[in-house]
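Working notes for the structure below.
In my numbering, the protein residues as written are 761 to 1071.
Here is the structure:
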């Protein structure tokens, strides 16, 4: 048994990780947080100062934290300051051995920061880990399947916007040809595999998790069959995506109060471009699915047939 600390445990993936960690008995879990909260998350929470590396190191040593899983969002200073200081503290700790940085997405292209500067902190964190004495691994799980969930019926902490397929409005704006194979994984399945990976004697530097692999054209076919509705489908070619443009969907409108249209659509175009360029797929061989074959995943087929089926 080792002690596992979840940093960012109140976020989307963080809460899923906390739930899974709290419901197993092999390892002890705690949450690292910037400020105290009255919300009961299922594991003991500890307030830490991410700006103070020395105090972080002391905390890790005193609490005998073996493994850190970072689930910060990629925004503001969450990676450039908080995560990087946590890496420094973990490396200086006499107890902490392992570190998973915040990623939980597609395998970002190395030139990604050129069009999405926020990613520079992500790559900086990986470089810090590479130069540390820690054992570390980046988690790649493709795109969250949660984007296509119904409003209720499946547990998720992901209050997502609309991405490519607008299930409620029976429409889609597909990047590329729609025949590019992509990996999609449910957030709780990601959490199950990540916590299971703590049991591994050693880690590769990439932990791959695959809920299901299929194309957007195949996903639309499944959705149409389940809902008994024909979807309105448009295709955004790579030239359009590289101009930071995508076709607007009805579901985007509800996201505009939080992210204005002129910000949201260009932002989404970056990820959709990477999907169309082939960065959204993952190889099964050597994946955590192969290492832990008893862990079942929610597939896109099951999502549509069970949770969207009409009649």
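From the three backbone atoms N, C-alpha and C, an ideal C-beta is built for every residue, glycine too.
Since the model is a prediction, treat every value here as computed from it, not as a measurement.
For residue 783 and residue 1004, what's the separation of their Cα atoms in angstroms?
So the two alpha carbons sit approximately 42 Å from each other.
On the criterion of 16 or more Cβ atoms from any shown chain inside 10 Å, does residue 706 qualify as buried, or is it exposed?
Missing from the structure shown is residue 706; the chain here goes from 761 to 1071 and no further.
If you draw a straight line from the C-alpha of residue 1021 to the C-alpha of residue 853, how long is it?
Approximately 45 Å, taken between the alpha carbons.
Flag this pair as yes or no: are the beta carbons of residue 1125 and residue 901 separated by less than 9 Å?
Residue 1125 falls outside the range modelled here, since the chain spans only 761 to 1071, and no answer is possible.
Ignore the nearest five residues each way along the sequence and tell me which others in residue 1081's own chain have a CB closer than 7 Å to its CB.
Given a span of 761 to 1071 for the chain in the structure shown, any question on residue 1081 remains unanswerable.
Go ahead and pull the three-state DSSP assignment for residue 972.
Residue state for residue 972 is assigned as strand, using DSSP reduced to three classes.
Contiguous beta strand (DSSP E) assignments of at least 3 residues, all confined to the segment 938–1006
For the segment 938–1006, whole beta strand (DSSP E) runs of length 3 or above, ordered along the chain, are 942–945, 966–968, 972–974 and 992–996.
Residue 761 versus residue 825 - alpha carbon distance
Roughly 11 Å separates the two Cα atoms.
May I ask which residues mark the beginning and end of the alpha helix (DSSP H) holding residue 793?
Premise fails: residue 793 lies in the beta strand (DSSP E), 788–793, not in any alpha helix (DSSP H).
Residue 856 versus 817, 882 and 883, residue with shortest Cα-Cα distance
817
So residue 936 and residue 1036 are in contact, right, with Cβ under 8 Å, and what is the actual spacing, rounded?
Right, their Cβ atoms sit about 3 Å apart.
With distances taken from CA atoms, which of 797, 940, 961 and 952 is nearest residue 968?
952
Between residue 1032 and residue 924, how many whole angstroms is the CB-CB distance? I'm expecting something under 8 Å.
7 Å
Excluding the five sequence neighbours on either side, which residues of its own chain have a C-beta within less than 8 Å of the C-beta of residue 911, listed in chain order?
928
Looking at the secondary structure, which residues open and close the beta strand (DSSP E) in which residue 899 lies?
Counting along the chain, the unbroken beta strand (DSSP E) around residue 899 starts and ends at 898–900.
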